[in-house]
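For the record, in the sequence shown the residue sitting at position 143 is 143 according to full-length UniProt numbering, with numbers rising by one throughout.
Ideal Cβ positions, reconstructed from N, Cα and C, are used throughout, including at glycine.
These numbers were taken from a predicted model, which means no experiment stands behind them.
Here the structure is laid out as structure tokens; the discussion comes afterwards.
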Amino acid sequence: MTKKIVLFIAVFFAVLNIQAQISVKPGLRGGFSFSTISEMHADYKTDFYVGGFTDIKITKIYSLQPEINYSRQGSNNVARNYYDEVSQTNKVEYLDLDINYLSLSVMNKFTLPMGIQFQAGPTLDILLNDNLAVRKAQNDLGLVLGVAYALPSGLTFEARFKKGLLDVLSSDYYQNDSNNYYLFGDYNTNINFQLGVSYSFGK
Numbered sequence: 001m002t003k004k005i006v007l008f009i010a011v012f013f014a015v016l017n018i019q020a021q022i023s024v025k026p027g028l029r030g031g032f033s034f035s036t037i038s039e040m041h042a043d044y045k046t047d048f049y050v051g052g053f054t055d056i057k058i059t060k061i062y063s064l065q066p067e068i069n070y071s072r073q074g075s076n077n078v079a080r081n082y083y084d085e086v087s088q089t090n091k092v093e094y095l096d097l098d099i100n101y102l103s104l105s106v107m108n109k110f111t112l113p114m115g116i117q118f119q120a121g122p123t124l125d126i127l128l129n130d131n132l133a134v135r136k137a138q139n140d141l142g143l144v145l146g147v148a149y150a151l152p153s154g155l156t157f158e159a160r161f162k163k164g165l166l167d168v169l170s171s172d173y174y175q176n177d178s179n180n181y182y183l184f185g186d187y188n189t190n191i192n193f194q195l196g197v198s199y200s201f202g203k
């Protein structure tokens, strides 16, 4: 019985010590977005992202960071080969694709003593709107990897790569703009690079 009481007291104070180390800080983030869709051989679309987060610092180097972001993605100069009924010839038009998501992410952040950060986590991208004539997956799942430099003031400079996992584009409608306009690969996924800053409030 005495051993159980001692064990309970030890666990109790260990939990208190962990809680004392945890800090929670809200913050904002935003910057430039460079995106395309795989297998398209098209141009990158330059736009922006903006969002908010909560930094939950669990240890000196590890933080869990839930995020909600508005991300403007897509791809520019996408070729579509079609048959013109009027001239009865095959023609090509080039389209700019816009795909806007509400991204729900959970990032794992590891911060070294000199301020260098490594970030990784999953994301769920919920489609808000797009101009696709034909799509496959409406929403997307992805993985995010990033590096950052955090200042003591709370300002952080970030660079991230986000890779979608779901097939979002119909290869029967949009076509490749090289190699005689053969169809895309069957699996067309979102590719997104982000360069920006974040700021966490509070000390």
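DSSP state of I58, grouped into three classes? DSSP places I58 in coil when its eight states are reduced to three.
Looking at the strands, I want to know which residues DSSP matches up with S200. Beta-bridge pairing links S200 to G27.
Below 8 Å, how does it come out for the stretch 59-68 and the stretch 87-104: are there three or more Cβ pairs, yes or no? In this structure the stretch 59-68 touches the stretch 87-104; the number of beta carbon pairs closer than 8 Å is three or more.
Whole-angstrom C-beta distance between I37 and N190, which should lie under 8 Å: Contact flag correct, Cβ pair sits at about 6 Å.
Quick test of the definition: if touching needs 3 or more C-beta pairs under 8 Å, does the stretch 163-173 touch the stretch 21-33? Contact fails: fewer than three Cβ-Cβ distances are below 8 Å.
Going by Cα to Cα distance, which pick from T111, E158, K162 and S75 is closest to D130? Its Cα nearest to that of D130, the residue S75 stands out among T111, E158, K162 and S75.
Is K136 helix, strand or coil when you go by DSSP? Correct three-state label for K136: coil.
Burial state of L141, where buried means 16 or more other Cβ atoms lie within 10 Å: L141 should be labelled exposed.
Any contact between the stretch 107-121 and the stretch 52-63? By contact I mean 3 or more CB pairs, one from each, below 8 Å. The stretch 107-121 and the stretch 52-63 touch, with no fewer than 3 CB-CB distances between them shorter than 8 Å.
Just to confirm, are R160 and F193 a CB contact at a threshold of 9 Å? Yes. Within cutoff.
Mind pulling the alpha helix (DSSP H) runs of 4 or more residues that sit fully within the stretch 29-98? Taking only runs of at least 4 residues, no alpha helix (DSSP H) segment lies wholly in the stretch 29-98.
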